[in-house]
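**Q** Provided herewith is a single structure, encoded as structure tokens, for subsequent inquiry.
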Amino acid sequence: MPLVRIDMHQHLADKRAVISAAVHRGLVAGLGMPEDDLFQIFRLHEPGDLVYSTTFPDADRDDIVFVQILLARLYDAAQKQAMGAAVVRELVAEGVKADNVLIACTENEGPDWFAPSRDFGQQVLSR
Amino acid sequence: MPLVRIDMHQHLADKRAVISAAVHRGLVAGLGMPEDDLFQIFRLHEPGDLVYSTTFPDADRDDIVFVQILLARLYDAAQKQAMGAAVVRELVAEGVKADNVLIACTENEGPDWFAPSRDFGQQVLSR
Amino acid sequence: MPLVRIDMHQHLADKRAVISAAVHRGLVAGLGMPEDDLFQIFRLHEPGDLVYSTTFPDADRDDIVFVQILLARLYDAAQKQAMGAAVVRELVAEGVKADNVLIACTENEGPDWFAPSRDFGQQVLSR
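Protein chains in written order, with the numbering used here: chain B, 1054 to 1180; chain Y, 1054 to 1180; chain V, 1054 to 1180.
Written out as structure tokens, the structure is:
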């Protein structure tokens, strides 16, 4: 149940849907995730909101697309790096410059997620 | 000192105060937190910003309220799940559909927090 | 490659650049980071978005500046606290009240970061 936060500039507003789909394809391919496990929070930013190095660590950036992924601690380093590469490849295919993408994962555990099931909803409503 | 990020659609703007109070009651009840330990960041979103499965993992969603909670690693799995259930029950009592709520916790440690005390402020100002 | 999220009220919009620089100086000084390792996401908020205790844990707050820092697990508790103090001192020097600052770190590992290098970009483009 990864939760993905994507922060990018306003000028990419019209590309939200394709960027959403591209990032998701990268996660599904890289992590072997179910396709319907889709949770993303986009945020479009005005100039001045996103502050970034144009060169660090070894990049040639002229814009930035931050992709922060919260996911359960189920994947090893190689899987996470493969997923990162897959996400970037998918974004490049949609016209995003590779160097402009910065991906950061944070991990939690299964019990850190709480998504009420249909049953839960009924239990609450019937109390 | 949990820090709670709540991302939801603009149409819930008028419910911010009741949703804020409901989430906080859930944390206080579920984790045994002090009532004045209150830190929340709301973000209202336009259509297109929040991308979500309407069914995963076993839900019937027609909207989404993301509740992401950063908290110190002090609570076991049962406590965190009880807190999640308490938050959802409180939100349901305010008219939010249970299935529309997705809660994700991330954990850090005590030294990862830095809140200057009154003393600190005075020390800095007197330098 | 810390990623810093700064959430504060709209009335501080004109101070974004100085707050950005101040937070970054604190990280560079406190963690011994390279100066060009700069990644920040600002978010300006309307009244009602930021909910906070005016007193917890031992503060006298009349506003809030949330500084959330995602960084690799490379620093011990003393370093992180020193960094927090450095960030607050730099912000105070720019007119921000110490008590109004709340800093929270979360940690990940090296393989949780993915920043395509110039080489990666070329590899993708030449596929």
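Cβ coordinates follow ideal geometry from the N, Cα and C atoms, glycine included.
Just the Cα atoms here: how many angstroms apart are Glu1218/B and Ala1082/V?
**A** Nothing about residue 1218/B can be read from this structure; chain B reaches only from 1054 to 1180.
**Q** Interface residues of chain B around Glu1160/Y at Cβ under 9 Å?
**A** By Cβ distance, chain B contributes Asn1161, Glu1162, Asp1165.
**Q** Could you compute how far the alpha carbon of Leu1123/B sits from the alpha carbon of Pro1055/B?
**A** One C-alpha to the other measures close to 5 Å.
**Q** Quick one: does Arg1069/B have its CB under 8 Å from some CB of chain Y?
**A** Yes, Arg1069/B counts as interfacial toward chain Y.
**Q** Decide if Gly1137/B is buried, meaning its Cβ has at least 16 other Cβ atoms within 10 Å, or exposed.
**A** Classification for Gly1137/B: buried.
**Q** For a quick check, are the C-beta atoms of Ser1073/Y and Gln1093/Y less than 8 Å apart?
**A** Yes, these two residues count as a Cβ contact at 8 Å.
**Q** Quick one: what's Glu1160/V bridged to in DSSP?
**A** Per DSSP, Leu1124/V.
**Q** Cβ closer than 8 Å: which chain Y residues qualify as neighbours of Gln1093/B?
**A** Correct list: Leu1103, Val1104, Tyr1105.
**Q** Nearest-angstrom Cα distance between Leu1091/Y and Ala1151/V?
**A** In a straight line, the C-alpha of Leu1091/Y is about 18 Å away from that of Ala1151/V.
**Q** Could one say the Cβ of Gly1085/B lies closer than 8 Å to chain V's Cβ atoms, at least one of them?
**A** Not one chain V Cβ lies under 8 Å of Gly1085/B.
**Q** Within 10 angstroms of the Cβ of Leu1127/Y, are there 16 or more other Cβ atoms? Answer buried if so, exposed if not.
**A** Exposed: under 16 other Cβ atoms inside 10 Å.
**Q** My output table needs one value for Met1054/B: the three-state DSSP class, helix, strand or coil.
**A** It is coil, neither helix nor strand.
**Q** I'd like the list of long-range same chain contacts for Ala1139/B, defined as Cβ closer than 7 Å, with 5 residues on each side in sequence excluded.
**A** Excluding positions up to five away in sequence, the list reads Gly1079, Ala1082, Gly1083.
**Q** What's the C-alpha gap between Ala1112/Y and Arg1058/B?
**A** Cα-Cα distance, rounded: 21 Å.
**Q** Mind listing the chain C neighbours of Phe1119/B? Cutoff is C-beta to C-beta under 9 Å, in chain order.
**A** Within the model displayed, chain C is absent; protein chains B, Y and V are what it includes.
**Q** Quick one: using the 10 Å Cβ neighbour count with 16 as the cut-off for buried, is Glu1088/Y buried or exposed?
**A** Answer is exposed; the Cβ neighbour count stays below 16.
**Q** Does Gly1137/Y get closer than 8 Å to chain B when you measure Cβ to Cβ?
**A** Closer than 8 Å: yes.
**Q** Based on the DSSP secondary-structure assignment, which residues constitute the bridge partners of Phe1109/Y?
**A** Phe1109/Y is not bridged to any residue.
**Q** Could you name the residues of the same chain whose beta carbon sits closer than 6 Å to that of Leu1097/B, not counting the 5 residues immediately before and after it, in chain order?
**A** So the qualifying residues of the chain are Gln1063, Ala1066.
**Q** Can you grab the Cα-Cα spacing for the pair Val1149/Y / Val1120/Y, in whole Å?
**A** Each residue's Cα considered, the two are about 13 Å apart.
**Q** Whose CA, out of Met1061/V, Thr1108/V, Gly1085/V, lies closest to the CA of Pro1100/V?
**A** Nearest C-alpha to Pro1100/V: Met1061/V.
**Q** In three-state DSSP terms, what is Val1118/Y?
**A** Reduced to three states, the DSSP call for Val1118/Y is strand.
**Q** Count the other C-beta atoms from every protein chain shown that fall within 10 angstroms of the C-beta of Asp1102/V, then say buried if there are 16 or more, exposed otherwise.
**A** By the neighbour-count rule (16 or more Cβ atoms within 10 Å), Asp1102/V is buried.
**Q** Using alpha carbons as the reference points, say which of Ala1075/V, Phe1167/V, Thr1108/V lies closest to Ala1130/B.
**A** Considering only alpha carbons, the answer is Phe1167/V.
**Q** Excluding the 5 residues preceding and the 5 following Ser1179/B in the sequence, name in chain order all residues of the same chain whose CB lies nearer than 8 Å to its CB.
**A** With a pLDDT of only 49 at Ser1179/B, under the threshold of 50, the placement of this residue in the model should not be trusted; the figure read from the coordinates follows. Answer for Ser1179/B: no residue qualifies.
**Q** If you drop the 5 nearest sequence neighbours on each side, which residues of the same chain put their C-beta closer than 8 Å to that of Met1086/B?
**A** Correct list, in chain order: Pro1055, Leu1080.
**Q** Would you say Pro1164/Y and Lys1068/V are within 8 Å of each other, going by their C-beta atoms?
**A** No; because the gap between Cβ atoms is not below 8 Å, this pair is not in contact.
**Q** I want to see whether chain Y comes within less than 8 Å of Leu1155/V, judged by CB atoms only; does it?
**A** So, interface residue.
**Q** Spatial neighbours of His1077/Y within its chain, please: C-beta separation below 6 Å, excluding the five flanking residues on both sides.
**A** Answer for His1077/Y: Leu1091, listed in chain order.
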